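For any residue, its number in this note's numbering is found by taking its place in the sequence shown, counting from 1, and adding 1188. Ideal Cβ placement from N, Cα and C applies to all residues, glycine included. Just so it is clear, the structure is predicted and the values come from calculations on it, not from any experiment.
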Amino acid sequence: MNPKVRMIVEEFFPKIIETHIRTRSSIETATLSLDRYRTMGMQAVRNLPPEVQQENQDALDSAYRLAIERLLEFHASEVSQAGAAVPKKTAGSP
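The structure is reproduced here in structure tokens:
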């Protein structure tokens, strides 16, 4: 794997998600950051031989999908935890 792609996949994508979880930045901000690094990775491999290029693109795509899934799972679990912790008021409750 290309060193730049490896750094994006192994370091930057996870750090973006960890930072998002820690700071509770917007989903849009985290997604834009992931998109930017994915684009940088694609640009880094665009002049490589086709088979090497494809391998790196596949690694980027897979890591990107996993990062997005982790982001969505985090928010889904936060929503479910918040919903369970806060009882809903009904018309008859004080």
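### Query
Is methionine 1189 helix, strand or coil when you go by DSSP?
coil
>> Let me make sure I understand the geometry here. Which of Ala1264, Ile1209, Gln1241, Ile1204 has the alpha-carbon closest to that of leucine 1220?
In response: By alpha-carbon distance to leucine 1220, the top candidate from Ala1264, Ile1209, Gln1241, Ile1204 is Ile1204.
- request: Give me the Cα-Cα distance between valine 1197 and glutamine 1242, rounded to the nearest whole angstrom.
  value: 15 Å
Quiz prompt | Span of the alpha helix (DSSP H) around glutamate 1198 | solution = Judged by DSSP secondary structure, glutamate 1198 falls outside any alpha helix (DSSP H); it is assigned neither H nor E.
Suppose the cutoff is 7 Å on Cβ atoms and the five residues either side in sequence are ignored; what does the same chain contact list for alanine 1232 look like? If the five residues before and after alanine 1232 are omitted, its C-beta is found closer than 7 Å to the C-beta atoms of Asn1190, Lys1192, Val1193, all from its own chain and listed in chain order.
According to the Cβ coordinates, are leucine 1288 and glycine 1229 closer than 8 Å? Because the chain is modelled from 1189 through 1282, residue 1288 falls outside the range shown and cannot be assessed.
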